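Colleague: Next up is a structure, given as structure tokens.
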Amino acid sequence: MSGLSVKSGFSVKSGFVETDEQKELRAAVSKLGARFDYVDYVLPRSRQNQPLTELWAEAGKHGFLGVNLPEEYGGGGAGIYELALVQEELAAHGAGLLLIVVSPAICGTVIGKFGTEEQKQKWLPSLADGSSIMAFGITEADAGSNSHHITTTARRDGADWILHGSKIFISGVDQADAVLVVARTEDSKTGKLKPALFIVPTDAPNFVKQPMEMDILEPDTQFTLFFDDVRLPAEALVGEPDAALAQLFAGLNPERILGAAMAVGMGRYALDAATAFAKERAVWKTPIGAHQGISHPLAQVKIELELAKLMMQKAAVLYDSGDDSGAAEAANMAKYAAAEASIKALDQAIQTHGGAGLTKEYGLAAMLGAARIARVAPVSREMILNFVAQHSLGLPRSY
Ligand SMILES: Cc1cc2nc3c(=O)[nH]c(=O)nc-3n(C[C@H](O)[C@H](O)[C@H](O)COP(=O)(O)OP(=O)(O)OC[C@H]3O[C@@H](n4cnc5c(N)ncnc54)[C@H](O)[C@@H]3O)c2cc1C
135 MSGLSVKSGF SVKSGFVETD EQKELRAAVS KLGARFDYVD YVLPRSRQNQ PLTELWAEAG
195 KHGFLGVNLP EEYGGGGAGI YELALVQEEL AAHGAGLLLI VVSPAICGTV IGKFGTEEQK
255 QKWLPSLADG SSIMAFGITE ADAGSNSHHI TTTARRDGAD WILHGSKIFI SGVDQADAVL
315 VVARTEDSKT GKLKPALFIV PTDAPNFVKQ PMEMDILEPD TQFTLFFDDV RLPAEALVGE
375 PDAALAQLFA GLNPERILGA AMAVGMGRYA LDAATAFAKE RAVWKTPIGA HQGISHPLAQ
435 VKIELELAKL MMQKAAVLYD SGDDSGAAEA ANMAKYAAAE ASIKALDQAI QTHGGAGLTK
495 EYGLAAMLGA ARIARVAPVS REMILNFVAQ HSLGLPRSY
């Protein structure tokens with residue numbers, strides 16, 4: 135690896151001591167993040183509800199977006215660890231890319247592991263260099279966290295599929311070439327509905343997208359989607375119809391690890407801003423950072439962010455080593471811990487800034503809204519606590 139570019143040749147790591155390649159990657163991504171920082175680039179874009187197109191293109195050009203995708207399809211041949219590192223370092227400049235969570239992390243992983251050869255050739259190289267974006271749609275208004283209750287259905291019509299239903303809160307559909315849609319098909323033997331994943335082009339006839347009016351400040355837009363009998367060719371189905379649950383679960387750990395990475399990075403941004411301000415601002419004889427009422431909460435935030443990051447690294451290492459069930463517990467815990475730590479970091483950064491923390495100039499109050507996304511999506515705090523209660527503690531479920 136040289137300079138800013140990542141092409142290939144990552145060695146497999148073990149433990150949490152980063153290799154020289156990983157350190158170089160961190161430094162290179164951080165350098166890019168510094169060019170597209172929060173106050174001068176992300177904040178004005180977010181206020182105009184415009185996506186971070188230039189940053190996405192540059193990150194793709196340098197190989198950062200596809201670092202986890204297979205080398206034979208144009209990716210970097212590394213793992214989710216490296217993709218999480220990319221996301222964390224960008225977010226540490228306030229420039230995390232929400233669509234990294236869905237496009238290379240979920241969709242790239244699912245297609246890379248389960249897609250047909252044609253699907254891999256068609257999608258992976260362009261997902262890797264960022265020239266294509268694939269959104270991910272599972273959430274439905276009436277099902278919410280209970281994804282077993284989704285009703286978007288695909289039925290056979292000759293060799294084609296006819297997709298009918300709707301989705302809500304789907305991020306970045308305006309930027310995407312396609313959406314990986316979780317639907318249900320009828321099992322020909324039992325007649326029961328079972329999940330299936332379809333690649334749906336965003337320009338497909340009868341596919342209607344409506345932007346949602348969110349009250350948080352971030353550059354990407356969420357959409358309500360309507361599939362009014364969208365006709366799809368046979369090859370829109372990802373992989374084998376009978377392997378859909380495994381396919382879906384393959385995307386969940388990367389999604390949570392990348393969500394954790396974005397939250398850890400955002401927390402680091404807030405902590406850096408607070409620390410810098412606390413060193414400069416003096417209203418008595420010393421900088422405010424000398425008062426323990428200011429320094430101790432920041433020290434606590436530092437510890438909590440480091441702990442969340444450590445769990446994220448553990449989850450990524452487990453996932454990349456092929457231990458999916460070990461990774462599931464760690465990924466859930468990491469996403470929980472990272473969301474809580476980053477929300478606390480933002481709140482404390484605002485407090486450290488006093489009135490300045492609530493001004494448009496710093497944008498910290500706006501970032502607090504964005505940080506709160508991680509407590510709800512892609513899986514809520516409460517559903518993670520349910521997971522840990524049931525799977526880690528063996529407690530009975532209430533629902
Ligand atoms: C900014 C943003 C971007 C998003 N992007 C995407 C995307 O790209 N693709 C996509 O598919 N989805 C996306 N989502 C949707 C997101 O995954 C859901 O909002 C999330 O899974 C929660 O579902 P819900 O909003 O329906 O909440 P609900 O399921 O209605 O839950 C409401 C509250 O009840 C709690 N609750 C529910 N069930 C239980 C239970 N059994 N025990 C305890 N508490 C419970 C929840 O934790 C939550 O606090 C996005 C959401 C947001 C806000």
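One gets this note's numbering by counting positions in the sequence shown from 1 and adding 134 to each.
Quick reminder that beta carbons are idealized off the backbone N, C-alpha and C, glycines included.
As the structure is a prediction and not an experimental result, all values here were calculated from the model.
By how many angstroms is the C-alpha of Asp363 removed from the C-alpha of Lys448?
Modeller: The alpha-carbon atoms of Lys448 and Asp363 are separated by roughly 43 angstroms.
Colleague: Would you call the segment 410-430 and the segment 223-238 in contact, with 3 or more CB pairs under 8 angstroms?
Modeller: Taking 8 angstroms as the limit for Cβ pairs, the verdict is that the segment 223-238 does not touch the segment 410-430.
Colleague: For Trp418, does the three-state DSSP call read helix, strand or coil?
Modeller: Trp418 falls in the coil class under three-state DSSP.
Colleague: In angstroms with no decimal places, state the Cα-to-Cα distance between Ser136 and Glu155.
Modeller: Caution applies to Ser136, whose pLDDT of 40 falls short of 50 and renders its modelled position unreliable; the value that the coordinates give is listed next. If I take the Cα positions, the gap works out to 10 angstroms.
Colleague: Please determine if the segment 350-368 and the segment 455-472 are in contact, where contact requires at least 3 C-beta pairs separated by less than 8 angstroms.
Modeller: With a cut-off of 8 angstroms, the segment 455-472 and the segment 350-368 do not count as touching, because too few Cβ pairs lie within range.
Colleague: Considering only residues of the segment 357-392, which uninterrupted alpha helix (DSSP H) runs meet the minimum length of 4 residues and lie entirely inside it, listed in chain order?
Modeller: You should have found no qualifying run.
Colleague: Could you compute how far the alpha carbon of Leu138 sits from the alpha carbon of Thr243?
Modeller: Since pLDDT at Leu138 reaches only 49, below the 50 mark, its modelled position is unreliable, and no value is offered.
Colleague: Roughly how far, in whole angstroms, is the beta-carbon of Arg78 from the beta-carbon of Ile284, given that I think they are within contact range, below 8 angstroms?
Modeller: The shown model of the chain, from 135 to 533, leaves out residue 78, and the question about it has no answer.
Colleague: Output the distance between the C-alpha atoms of Ala523 and Val316, rounded to the nearest integer angstrom.
Modeller: If you take the alpha carbons of Ala523 and Val316, they lie about 27 angstroms apart.
Colleague: Return the CA-CA distance between Glu158 and Phe198, expressed in angstroms with no decimal places.
Modeller: Straight-line Cα distance between these residues: approximately 12 angstroms.
Colleague: Taking buried to mean at least 16 other C-beta atoms within 10 Å of its own C-beta, is Ser476 buried or exposed?
Modeller: Result: buried.
Colleague: Hey, how far is the Cα of Ser514 from the Cα of Glu389?
Modeller: When rounded, the distance between both Cα atoms is 13 angstroms.
Colleague: Given this structure, state the Cα-to-Cα distance separating Ser459 from Leu444, to the nearest angstrom.
Modeller: So the two alpha carbons sit approximately 18 angstroms from each other.
Colleague: Anyone know if the C-beta pair for Gly401 and Leu371 falls short of 8 angstroms?
Modeller: Contact flag unset, no.
Colleague: Can you give the Cα-Cα distance for Thr287 and Leu331, rounded to whole angstroms?
Modeller: For Thr287 and Leu331, the distance between alpha carbons rounds to 11 angstroms.
Colleague: Look at the alpha carbon of Leu231 and the alpha carbon of Ala504, and state the distance between them as a whole number of angstroms.
Modeller: One C-alpha to the other measures close to 12 angstroms.
Colleague: Are the beta-carbon atoms of Leu203 and Ala269 separated by less than 8 angstroms?
Modeller: Going by C-beta atoms, Leu203 is not nearer than 8 angstroms to Ala269.
Colleague: Only counting the same chain, and skipping five residues up and downstream in sequence, which positions put a Cβ closer than 7 angstroms to that of Asp117?
Modeller: Summary: the structure shown does not reach residue 117, with the chain confined to residues 135 through 533, and so no result is reported for it.
Colleague: For Leu177 and Glu192, I'd like the C-alpha separation in whole angstroms.
Modeller: Rounded to the nearest angstrom, the two C-alpha atoms are 18 angstroms apart.
Colleague: Using 10 angstroms around the beta-carbon of Ile437, count the other beta-carbons present and answer buried if the total reaches 16, otherwise exposed.
Modeller: The residue in question, Ile437, is exposed, as its Cβ has fewer than 16 Cβ neighbours within 10 Å.
Colleague: Restricting to Cα atoms, I'd like to know which of Asp406, Leu392, Ala416, Gly528 is closest to Tyr172.
Modeller: Residue Asp406 is the option with its Cα nearest to Tyr172.
Colleague: Is the distance from the Cβ of Gly399 to the Cβ of Ala226 below 8 angstroms?
Modeller: Yes; because the gap between Cβ atoms is below 8 angstroms, this pair is in contact.
Colleague: Quick one: what does DSSP say Pro339 is sitting in, helix, strand or coil?
Modeller: It is coil, neither helix nor strand.
Colleague: Any heavy atom of ligand 3 within a distance shorter than 7 angstroms of the CB on Glu495?
Modeller: Judged by which ligands are present, ligand 3 is missing from the structure shown, whose ligands are ligand 1.
Colleague: Taking 8 angstroms as the cut-off, decide whether the C-beta atoms of Ile302 and Glu347 are in contact.
Modeller: Not closer than 8 angstroms, so no.
Colleague: Between the beta-carbon of Leu224 and the beta-carbon of Val163, is there less than 8 angstroms?
Modeller: Going by C-beta atoms, Leu224 is nearer than 8 angstroms to Val163.
Colleague: Is any non-hydrogen atom of ligand 1 found closer than 7 angstroms to the C-beta of Gln356, if you look at the structure I gave you?
Modeller: Gln356 Cβ: within cutoff of ligand 1.
Colleague: Quick check for students: name the residue ranges of the alpha helix (DSSP H) that lie wholly in the segment 456-490, counting only runs of 4 or more.
Modeller: Segments of the alpha helix (DSSP H) lying fully in the segment 456-490: 458-486.
Colleague: Our contact map puts Lys165 next to Tyr207 with C-beta atoms below 8 angstroms; I'd like the distance itself, whole angstroms only.
Modeller: Their Cβ separation, rounded to whole angstroms, is 26 angstroms, which puts Lys165 and Tyr207 out of contact at 8 angstroms.
Colleague: If you draw a straight line from the alpha carbon of Leu186 to that of Gly528, how long is it in whole angstroms?
Modeller: Taking the straight line from one Cα to the other gives about 43 angstroms.
Colleague: What's the gap between the Cα of Gly211 and the Cα of Gly246?
Modeller: If I take the Cα positions, the gap works out to 11 angstroms.
Colleague: How about Leu498 and Ala471: are their beta carbons less than 8 angstroms apart?
Modeller: Cβ atoms of Leu498 and Ala471: not closer than 8 angstroms.
Colleague: Using a Cβ-Cβ cutoff of less than 7 angstroms, which residues in the same chain neighbour Asn280 once the five nearest sequence positions on both sides are dropped?
Modeller: Counting only Cβ-Cβ distances below 7 angstroms, and skipping sequence neighbours, we find nothing.
Colleague: For ligand 1, any of its heavy atoms closer than 7 angstroms to the Cβ of Tyr175?
Modeller: Flag unset: Cβ of Tyr175 not near ligand 1.
Colleague: Less than 7 angstroms between the CB of Pro512 and some heavy atom of ligand 1, yes or no?
Modeller: Pro512: yes, Cβ under 7 angstroms from ligand 1.
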